[in-house]
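Worksheet: one structure, shown below.
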Amino acid sequence: MAAPKLKMRLGDLLVHENIITNEQLIQALASQKETGRKLGDTLIELRSLTERQLLQFLAQQLDVPFLDISQHKISPNVASLLPEVHARRLRALIIEDKGASVLLGMSDPADLSGLDQLERMLAPKRIELAVVMESQIFDAFDNLYRRTAEIESFASQLEEEYEESSSFNLETTFLDEGGDATVGKLLQSVFEDAVQMRASDIHIEPEEQQLRIRQRIDGVLQEKVLKENKIASAMVLRLKLMAGLDISEKRIPQDGRFHLDIAGHSIDVRMSTMPVQFGESVVMRLLDQSAGLLSLDQTGMPSDIVERIRLQIHRPHGMILVTGPTGSGKTTTLYAALSELNEATKKIITVEDPVEYRLPRINQVQINTKVGLTFSKVLRTALRQDPDIMMVGEMRDQETVEIGLRGAITGHLVLSTLHTNDAITSALRLIDMGAAGFLVGSALRAVIAQRLVRRVCDLCSDEYQADEQELFWLTNLAGEQARNAHFKHGKGCQSCQYTGYKGRIGVFEILEMNSSMMAALKRNDSEEFANLAKKNPTFTPLANAAFNYASQGITTVEEVLRLVETIDIN
Numbered sequence: 397m398a399a400p401k402l403k404m405r406l407g408d409l410l411v412h413e414n415i416i417t418n419e420q421l422i423q424a425l426a427s428q429k430e431t432g433r434k435l436g437d438t439l440i441e442l443r444s445l446t447e448r449q450l451l452q453f454l455a456q457q458l459d460v461p462f463l464d465i466s467q468h469k470i471s472p473n474v475a476s477l478l479p480e481v482h483a484r485r486l487r488a489l490i491i492e493d494k495g496a497s498v499l500l501g502m503s504d505p506a507d508l509s510g511l512d513q514l515e516r517m518l519a520p521k522r523i524e525l526a527v528v529m530e531s532q533i534f535d536a537f538d539n540l541y542r543r544t545a546e547i548e549s550f551a552s553q554l555e556e557e558y559e560e561s562s563s564f565n566l567e568t569t570f571l572d573e574g575g576d577a578t579v580g581k582l583l584q585s586v587f588e589d590a591v592q593m594r595a596s597d598i599h600i601e602p603e604e605q606q607l608r609i610r611q612r613i614d615g616v617l618q619e620k621v622l623k624e625n626k627i628a629s630a631m632v633l634r635l636k637l638m639a640g641l642d643i644s645e646k647r648i649p650q651d652g653r654f655h656l657d658i659a660g661h662s663i664d665v666r667m668s669t670m671p672v673q674f675g676e677s678v679v680m681r682l683l684d685q686s687a688g689l690l691s692l693d694q695t696g697m698p699s700d701i702v703e704r705i706r707l708q709i710h711r712p713h714g715m716i717l718v719t720g721p722t723g724s725g726k727t728t729t730l731y732a733a734l735s736e737l738n739e740a741t742k743k744i745i746t747v748e749d750p751v752e753y754r755l756p757r758i759n760q761v762q763i764n765t766k767v768g769l770t771f772s773k774v775l776r777t778a779l780r781q782d783p784d785i786m787m788v789g790e791m792r793d794q795e796t797v798e799i800g801l802r803g804a805i806t807g808h809l810v811l812s813t814l815h816t817n818d819a820i821t822s823a824l825r826l827i828d829m830g831a832a833g834f835l836v837g838s839a840l841r842a843v844i845a846q847r848l849v850r851r852v853c854d855l856c857s858d859e860y861q862a863d864e865q866e867l868f869w870l871t872n873l874a875g876e877q878a879r880n881a882h883f884k885h886g887k888g889c890q891s892c893q894y895t896g897y898k899g900r901i902g903v904f905e906i907l908e909m910n911s912s913m914m915a916a917l918k919r920n921d922s923e924e925f926a927n928l929a930k931k932n933p934t935f936t937p938l939a940n941a942a943f944n945y946a947s948q949g950i951t952t953v954e955e956v957l958r959l960v961e962t963i964d965i966n
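Laid out in structure tokens, this is it:
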């Protein structure tokens with residue numbers, strides 16, 4: 397195609413068309429001299445105009461279409477006609493293959509040098525140019541240029557090596573720690589794909605005829621099935637070496653951890669193996685250390701919840717519990733609280749299994765039951781270490797609970813987690829675990845319960861009308877407010893992989909103890925305690941908090957009802 401050209405300089409054109417003022421242009425040119433960035437990027441950064449306004453104007457001037465690719469279903473095979481390295485460098489994406497030509501999206505269509513390179517790379521196909529927002533292009537890169545083909549290729553190559561080896565020996569054939577072995581390249585691709593897709597977990601599950609590799613993305617598992625089932629043992633063995641586990645032991649579960657640097661991300665991997673019918677199942681939790689610890693303000697909590705939690709964690713003593721099922725973000729909340737409390741004037745000790753994030757100035761103890769280093773034993777010792785604040789990874793048994801409670805009433809602030817459905821049942825669970833009511837009533841100051849729900853994708857969100865059955869449940873939950881609420885859902889687009897969801901947000905409830913509730917706990921009166929808690933004017937149950945998100949269009953009715961199924965709303 398003939399390279400499009402602008403007849404005037406971009407800044408002069410924008411002023412001429414009254415899109416920006418002359419003063420804004422002068423300010424942008426001055427900033428451009430300092431930063432060396434392109435004028436368009438500088439104008440967007442200064443908020444003189446939006447990216448969409450700029451690109452729509454450029455498209456009009458160059459007489460090429462402006463496309464919103466979030467609504468286009470682009471095939472990974474089509475996108476791969478342009479290799480990823482060149483696509484990212486030139487910020488270009490093949491949207492459609494038309495046979496003799498391709499529809500190509502660029503975020504900078506005035507980049508004549510880049511356009512010339514693309515014409516040479518894609519010859520003999522002609523280029524039909526379209527202007528596309530850069531943010532959408534980079535979203536599409538992550539979704540389209542996945543490591544799927546690479547993983548399948550390495551898996552096939554690994555199985556061929558297996559079959560060609562007359563005397564198959566995993567330790568000599570596949571465990572080259574220099575990283576050149578095919579199994580190492582395969583695992584590298586698996587990790588790169590998981591990090592690119594923001595997966596929290598990787599599951600490797602061998603079956604009789606196939607191997608499943610699953611990733612948990614936004615709380616939901618997505619799977620890839622490989623027909624090369626024989627390679628599972630090679631992958632597990634390499635992972636065991638990386639985690640320092642016993643490679644000769646396949647009959648019992650093992651736990652370990654290792655560290656990886658993937659695509660600029662510093663990843664800690666917690667690994668668990670378990671013997672299953674056709675080998676060993678492996679689950680790996682990925683913790684991105686490069687993202688840094690979140691502060692309370694960054695956790696996504698509503699501002700009123702943040703302030704109430706701040707008030708509680710700055711108390712001189714007492715116990716604060718964070719509750720919810722596995723994967724609900726309890727550790728993130730606890731570390732955010734510790735990060736705020738971490739001062740030179742305070743002695744902080746944590747007892748964890750495992751230690752997930754390394755924190756400066758904080759004394760972190762890793763539990764090791766094999767040598768008798770249990771929660772209760774470490775807690776007893778920690779109380780003799782003159783702490784101001786203690787964090788206990790989990791209240792697992794009566795002894796740990798009682799030591800933690802006694803620490804809380806003897807001048808220490810104790811933070812911990814508990815696996816319960818909501819805040820009200822958490823206080824009662826401590827009594828069920830054998831703790832005396834007077835201890836719980838005297839020590840417990842607040843309980844934070846939380847869940848994670850999926851967010852509606854911003855790019856494809858649309859109005860949603862709840863059906864009668866959904867309205868019945870929602871009305872039971874929120875009354876007539878449910879019938880007047882305006883809900884949204886995601887129609888599905890390229891950015892969210894056609895799920896309608898992108899990312900997650902926390903739903904929180906906080907129960908702060910008052911004198912009446914504390915007195916009910918001391919009397920072991922669970923029914924009175926529950927009634928008082930529900931009547932507390934500052935208490936908003938999880939289900940209602942989730943409904944509030946749905947009514948604001950942040951999450952969907954489906955997610956609210958999914959959360960309601962896991963808790964008792966009566």
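Residue numbers for the sequence shown follow the working numbering, beginning at 397 and rising by one.
In this text, a Cβ means the ideal position worked out from N, Cα and C, and glycines have one as well.
Looking only at T544, G432 and A926, the smallest Cα-Cα distance to A823 is reached by A926. At a Cβ-Cβ threshold of 9 Å, I613 and V586 do not count as neighbours. Counting along the chain, H655 sits inside the beta strand (DSSP E) bounded by residues Q650 to I658.
Positions of the beta strand (DSSP E) runs, each at least 3 residues long and wholly inside the stretch 656 to 726, are given as 661 to 672, 675 to 684 and 714 to 719 in order along the chain.
For the pair L514 and G720, the Cα-to-Cα distance works out to about 51 Å.
Taken in chain order, the whole alpha helix (DSSP H) runs of length 4 or more contained in the stretch 819 to 858 are 819 to 828 and 833 to 839. Your pair L607 and E624 checks out as a contact, with CB atoms roughly 6 Å apart and the cut at 8 Å. The continuous alpha helix (DSSP H) containing D437 extends over residues L435 to E441. Pairing L814 with L907, the inter-Cα distance amounts to about 14 Å. A direct Cα-to-Cα measurement between E866 and R879 gives close to 10 Å. Membership of N872 in the alpha helix (DSSP H) is indicated by the continuous run E864 to A874. In the three-state DSSP reduction, G902 falls in the strand class (E or B).
Taking 8 Å as the upper bound for CB-CB distance, I705 and A733 are in contact here, some 7 Å apart.
Note on geometry: alpha-carbon atoms of E961 and Y945 lie some 17 Å from one another.
Taken atom to atom, the span from the alpha-carbon of A941 to that of A526 is near 43 Å. Buried is the label assigned to I465, since at least 16 other Cβ atoms lie within 10 Å of its Cβ.
When Cβ pairs closer than 8 Å are counted between the two stretches, the stretch 876 to 891 is seen to touch the stretch 847 to 859, the count reaching three or more. Burial check for T417: the Cβ neighbour count within 10 Å stays below 16, so the residue is exposed.
In the three-state reduction of the DSSP assignment, T813 falls in the strand class, which pools E and B.
Taking the Cβ atoms as the reference, M631 lies roughly 7 Å from L582, within the contact range of under 8 Å. G899 places its beta carbon less than 9 Å from that of R851. Counting only residues of its own chain and dropping the five nearest sequence neighbours on each side, D793 has a CB closer than 8 Å to the CB of F771, S772 and M829. Across the structure, L873 and E905 are spaced so that their CA atoms are roughly 15 Å apart. In the DSSP annotation of this structure, the continuous segment of the alpha helix (DSSP H) that includes P472 starts and ends at P472 to A475. P937 counts as buried, since no fewer than 16 other beta carbons sit within 10 angstroms of its beta carbon. Counting only the Cα atoms, I901 lies some 18 Å from D597. Just so you know, the alpha carbons of L486 and G510 end up roughly 6 Å apart. Here the alpha carbon of E546 sits roughly 43 Å from the alpha carbon of S947. A residue is called buried when at least 16 other Cβ atoms come within 10 angstroms of its Cβ; G436 meets this threshold and is buried. Here F550 is buried: its Cβ has 16 or more other Cβ atoms, across all protein chains shown, within 10 Å. Secondary structure of N764 (DSSP, three-state): strand.
Taking S427 as the centre and dropping the five residues before and after it, the same chain places the C-beta of T438 and L442 closer than 7 Å to its C-beta, in chain order.
A contact between stretches requires three or more CB pairs, one per stretch, nearer than 8 Å, and the stretch 710 to 724 meets this requirement with the stretch 832 to 845.
DSSP places H599 inside the beta strand (DSSP E), whose first and last residues are D597 to P602.
It is roughly 14 Å from the alpha-carbon of F654 to the alpha-carbon of D642. DSSP, reduced to helix, strand and coil, places L755 outside both helices and strands of the structure shown, so it counts as coil.
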